[in-house]
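S.K.: Under my numbering, the residue at position 235 of the sequence shown is numbered 304, and the numbers go up by one with no gaps.
Think of the CB as a built atom: it goes at the ideal place given N, C-alpha and C, for glycine as much as any other residue.
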Amino acid sequence: MTPLIPADGATLLSVVPAAGDRRRHPAPAHLRLFHGPMDCGKSTLALQVDHNQSRQGRRGLLLTQGDRSAQPQISSRVGLCREALEVEAGTDLRLLVRDHWAAGHRVDYLIVDEAQFLTAAQVDQLAELVDGSHVDVYAFGLTTDFRARLFPGTQRLLEVADDVQRIQVEVLCWCGLPGLLNARVVDGEMVREGETVVVADTAPTPAPDVRDADVHYQVLCRRHHVLGQLGPTAAGPGQLALR
């Protein structure tokens, strides 16, 4: 490329970076949020995004907290899993990335699963990494808690993310309508009070006479979440056929 020559004869460097010179002239990075109810496939999608990014020669970090496996990993109900770094409430995500850089490791992107558990400050740290350090961030999280209220991490991501997508894998309520809300089930009954974060997996609701004291979650449509109804009644119309 021919350099620009102003009237005084001095040579100016081209403002167009050389091909492949992304480090000195990085392309804009983005903060993307993928959200939905339980069972919508967010962890599967997180692992797929990591796979696609790494195939292009990019290097990323996988972050999680409170995975259903109780291990520092991202695990999917379809059987996929990858080791990940466990994030605590006090973890500074900027320092986490910078420590990897200091150790000589590239970090081009972050995969953040269970992003609903992030604090608002941590979401702002992710935004700072995107804007100041050109690190792409892909966050995956639940939309609402068992009370049908936004998680703090999800709320802040909705406020500041460059791109927000509801995951399109449809989850069904027991009645056949789209499942939108997560219900917490204790001793076979839906509860509406308690700690915001209680890690448990999804599982079929046990029969009413089974009192196993287990805690699990069930995805319901809005109507049955309001009613607190976890399954069909004997005379209930308009339900899925039970076979």
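With DSSP collapsed to three states, give me the class of G248.
M.R.: coil
S.K.: Can you list, in chain order, the residues of its chain with a C-beta nearer than 8 Å to that of T223? Leave out the 5 residues immediately preceding and following it.
M.R.: Closer than 8 Å at Cβ, skipping near neighbours: L102, H104, A184, Q185, G210, L211, T212 and T213.
S.K.: Which of helix, strand or coil does DSSP assign to L187?
M.R.: coil
S.K.: Can you tell which of P106, R151, L131 and G263 has its C-alpha closest to the C-alpha of D177?
M.R.: L131
S.K.: Consult DSSP for S145 and reduce its assignment to one of helix, strand or coil.
M.R.: Three-state DSSP puts S145 in coil, outside helix and strand.
S.K.: Between the beta-carbon of V192 and the beta-carbon of P106, is there less than 7 Å?
M.R.: no
S.K.: Which residues does DSSP list as the beta-bridge partners of A172?
M.R.: Per DSSP, none; premise fails for A172.
S.K.: Pull up the distance between the alpha-carbon of T133 and that of A115, whole angstroms please.
M.R.: 11 Å
S.K.: Please report how far the alpha carbon of G297 lies from the alpha carbon of H169, in whole angstroms.
M.R.: Roughly 47 Å between the two C-alpha positions.
S.K.: So, R253 versus Y207, is the Cβ gap smaller than 7 Å?
M.R.: no
S.K.: So, E155 versus P141, is the Cβ gap smaller than 7 Å?
M.R.: yes
S.K.: Return the CA-CA distance between F120 and T302, expressed in angstroms with no decimal places.
M.R.: Rather than Phe, the amino acid found at residue 120 in this sequence is His. One C-alpha to the other measures close to 44 Å.
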